[in-house]
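These notes are about the structure you will find just below.
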Amino acid sequence: MRRLWQSLLLALAVGLVNHAAVIAGMLHPPAGYEPAWVIRNLDIPQYLTWAAAAREHWLLPNFHAPWTTEPALFQPLLQLVGKSGLPVLTAYYLLQALLYWAAAWALLAALETFCANARQRLWALVAAAGALPLKLIAWAVAQWAGLALPVQLALAVGVIEYSYETADGFFRGGLSNSSTLTLGTAVSLTAFTLLARYLRSGQAGHFRLLCLVNFLGALFHPFEVFLISTAAIFPLARAKRWPQIALLGLAGGLGILPYLVQTIRSPWLRDTSDLAVWHMPSPAWVLLAFGLPAFGIFWLTAMRPRSPEPEDDVLNSWFFTNALLPMVPGIPVANHLFDGFAYCCGFLLVRKAAADPMFLRHGSRLRPAALAWAASTVAVLLTLYAQLYRDGTNPDPFIGRPAIIASDERRLLEWLRTHTAGDALILAPEPLAHWVAPLPRKSLGSHDVFSITFAAQRQDADRFFAGDLSIIDKYGVGIAVSERPLPGLSPIHTEGRWHVYSFPGRTPHSYPGRAQLTGAAHRSLIRHWLFTLFRAP
Numbered sequence: 012m013r014r015l016w017q018s019l020l021l022a023l024a025v026g027l028v029n030h031a032a033v034i035a036g037m038l039h040p041p042a043g044y045e046p047a048w049v050i051r052n053l054d055i056p057q058y059l060t061w062a063a064a065a066r067e068h069w070l071l072p073n074f075h076a077p078w079t080t081e082p083a084l085f086q087p088l089l090q091l092v093g094k095s096g097l098p099v100l101t102a103y104y105l106l107q108a109l110l111y112w113a114a115a116w117a118l119l120a121a122l123e124t125f126c127a128n129a130r131q132r133l134w135a136l137v138a139a140a141g142a143l144p145l146k147l148i149a150w151a152v153a154q155w156a157g158l159a160l161p162v163q164l165a166l167a168v169g170v171i172e173y174s175y176e177t178a179d180g181f182f183r184g185g186l187s188n189s190s191t192l193t194l195g196t197a198v199s200l201t202a203f204t205l206l207a208r209y210l211r212s213g214q215a216g217h218f219r220l221l222c223l224v225n226f227l228g229a230l231f232h233p234f235e236v237f238l239i240s241t242a243a244i245f246p247l248a249r250a251k252r253w254p255q256i257a258l259l260g261l262a263g264g265l266g267i268l269p270y271l272v273q274t275i276r277s278p279w280l281r282d283t284s285d286l287a288v289w290h291m292p293s294p295a296w297v298l299l300a301f302g303l304p305a306f307g308i309f310w311l312t313a314m315r316p317r318s319p320e321p322e323d324d325v326l327n328s329w330f331f332t333n334a335l336l337p338m339v340p341g342i343p344v345a346n347h348l349f350d351g352f353a354y355c356c357g358f359l360l361v362r363k364a365a366a367d368p369m370f371l372r373h374g375s376r377l378r379p380a381a382l383a384w385a386a387s388t389v390a391v392l393l394t395l396y397a398q399l400y401r402d403g404t405n406p407d408p409f410i411g412r413p414a415i416i417a418s419d420e421r422r423l424l425e426w427l428r429t430h431t432a433g434d435a436l437i438l439a440p441e442p443l444a445h446w447v448a449p450l451p452r453k454s455l456g457s458h459d460v461f462s463i464t465f466a467a468q469r470q471d472a473d474r475f476f477a478g479d480l481s482i483i484d485k486y487g488v489g490i491a492v493s494e495r496p497l498p499g500l501s502p503i504h505t506e507g508r509w510h511v512y513s514f515p516g517r518t519p520h521s522y523p524g525r526a527q528l529t530g531a532a533h534r535s536l537i538r539h540w541l542f543t544l545f546r547a548p
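Counting from 12, one number per residue, gives the positions in the sequence shown under the working numbering.
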């Protein structure tokens, strides 16, 4: 019962902090605006689109692409939202709350597994929270010092690194409050906790649960499986558990099998997967993005490389696999491999420090420095989330994302939902285009990956608003929305500043393939070999 209440309170606290911008939008929308109830980034409309489409489809078509696409996307997590029978946003937040609780429970279990006592657990949490990008710290200092705006903007990349690029949907967030990230963090924490417990106790039940977690994690979020299956090899091999290496990999492989099959079968999904890549420039990036704890781990490993306990083997393998695996070509959206990595840094730093003779001899002398580091971490995070809170109510935010929507835009979206055909292709300016897809309607140039030729589509949209009507027939646009009247065209509806135009008889064309659209489909050697093996163009 104690663990239940602890995990619920931790989940509530983390959820409130991560939704600082959303709360600000709820409490203080400016005149002419309403609460959006979500952060207006690119991820949330994508998830809401999938959830809305899941009401009618088990395999999802691509509403972010301006072509007719076959139902192909396997997305069981958002199927739970769409098939719940609840309003999409309500069901999404219920799922997010459940995943926050799961991640909190997993973190508390991991703390008990990897930390020997309450003091170690406390400092592990401090270290995990303090794994801040160096540029984020520099940005906060620039804010405190009142440095020039260009300097603050140049350093704001640290904000992106922390709250978006390495966001884990739990401790690290604010810009990307993604339920999929929270799930990934819960899966990673649970998997490595079970691995450590299995190696410590030898109980087969822990390993069976580990295989189940690897399977379900891959089935619902097919990214962390690459990390778990790879990082488990070293500790299992060191314990001479050779069959378990294969069994764990098999469990993960079965989980990602539906995604692999659908990617091979579907041309548009295959092309989208080619674009869903993230490249880590070098292992040094881990030091820059996870700051002092990562530096400390490298230094302590160099000073005292031997790790006698199975928990050390698990954490070392997790850490160093994470420092190398994202550089392997062909791994999709490799930044998802960092879901839960900050906690690995916290656990490993504390364990290494607790076993290091220097820390044992001079711990009392180092305590003031550690407390100063903890205080500075709190100060940096308060500065960050205060800025995100302010940006949540700002239609033109400084570095964050707004969580408000113009009243006429909300009315327009409702009109489009009730007055346009379900198969209509809608052309709209940004950022409105991102929020047309969740109606759900096909929306031209509405996602940087799933639109496939996003930049070209946005350029075509700009040409249309400049008067080039050939764009209508190029894509088969049925509805266009503009913020200003278009010469020579009569709107069928106006909503505040918005003008809606209809082009009867136009329907989206069939998806021609990325190679025909761009002249080439660049793939890693691994993906090229795989698709060639199954004769997928």
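Heads up, the beta-carbon is just placed ideally off N, CA and C, and yes, glycines get one too.
Residue i in three-state terms, based on DSSP
i: W509; result: strand
i: H347; result: helix
i: Y44; result: strand
i: T79; result: strand
i: K94; result: coil
i: A167; result: coil
i: K453; result: strand
i: W540; result: With a pLDDT of 49 at W540, under the threshold of 50, the modelled position of this residue cannot be trusted, and the question is left open.
i: S189; result: coil
i: H550; result: Residue 550 falls outside the range modelled here, since the chain spans only 12 to 548, and no answer is possible.
i: A24; result: helix
i: H430; result: helix
i: H504; result: strand
i: D324; result: helix
i: C126; result: coil
i: K363; result: helix
i: N405; result: coil
i: S174; result: helix
i: V33; result: helix
i: I308; result: helix
i: N52; result: coil
i: G213; result: coil
i: I342; result: coil
i: V99; result: helix
i: F182; result: coil
Residue i - partner residues in DSSP beta bridges
i: A491; result: L438, Y512
i: L84; result: L71
i: I415; result: P46
Same chain, Cβ closer than 8 Å to residue i, neighbours up to 5 away in sequence not counted
i: P233; result: G266, I267, Y270, P343
i: P442; result: R51
i: S293; result: M338
Of the residues the options, the one placed nearest residue i, counting alpha carbons only
i: A121; options: S18, T274, T518; result: S18
i: L395; options: T204, W112, R422, L166; result: L166
i: I275; options: L393, A83, P413; result: A83
i: I416; options: A47, T429, L230; result: A47
i: T312; options: V288, A295, D367; result: D367
i: S521; options: E81, F461, H510, G411; result: E81
i: C126; options: L377, K94, F358, L71; result: F358
i: K453; options: A467, G341, R428; result: R428
i: F231; options: E45, L110, P56; result: L110
i: S37; options: S457, S513, Y400, L438; result: According to the sequence provided, residue 37 is Met. The question's Ser does not apply to it. Comparing Cα-Cα distances from M37 to each of S457, S513, Y400, L438, the minimum goes to Y400.
i: H217; options: G169, Q255, A248; result: Q255
i: H504; options: P498, A491, S174; result: A491
C-beta neighbour in chain D for residue i, strict 8 Å
i: L311; result: Judged by its chain identifiers, the structure shown contains no chain D, having just a single protein chain.
Own chain, CB closer than 7 Å to residue i, minus 5 neighbours either side, in chain order
i: E506; result: D419, R422, L423, W426
i: L74; result: The sequence given here places Phe at residue 74; Leu does not occur at that position. Once the five neighbours on either side are set aside, the close Cβ partners of F74 are T60, A64, A448, P451, R452, K453, S454.
i: W465; result: Correcting the residue identity first, residue 465 is Phe in this sequence and not Trp. Closer than 7 Å at Cβ, skipping near neighbours: G456, H458, D459.
i: L280; result: A83, L84, Q273, T274
i: V162; result: A153
i: Y354; result: L118, A121, A139, L200
Contacting residues, own chain, Cβ-Cβ under 6 Å from residue i (five flanking each side not counted)
i: A262; result: C222, N225, F226
i: L299; result: L145
i: L206; result: L221, A243, V325
i: F245; result: S328
i: W540; result: The predicted model places W540 with a pLDDT of 49, which falls under 50 and marks its position as unreliable, so this point remains unresolved.
i: L528; result: T464
i: A414; result: A32, V33, G36, A47, I50, G403
I want to know whether the stretch 189-200 touches the stretch 299-310 - three or more CB-CB distances under 8 Å. no
Does the contact criterion of 3 or more C-beta pairs under 8 Å hold for the stretch 23-39 versus the stretch 175-186? yes
Is the number of C-beta pairs between the stretch 482-490 and the stretch 86-103 that are closer than 8 Å three or more? no
Taking contact to mean 3 or more Cβ pairs, one atom from each stretch, closer than 8 Å, check whether the stretch 150-164 and the stretch 123-139 are in contact. no
Count Cβ pairs between the stretch 379-388 and the stretch 328-337 that sit closer than 8 Å; are there 3 or more? no
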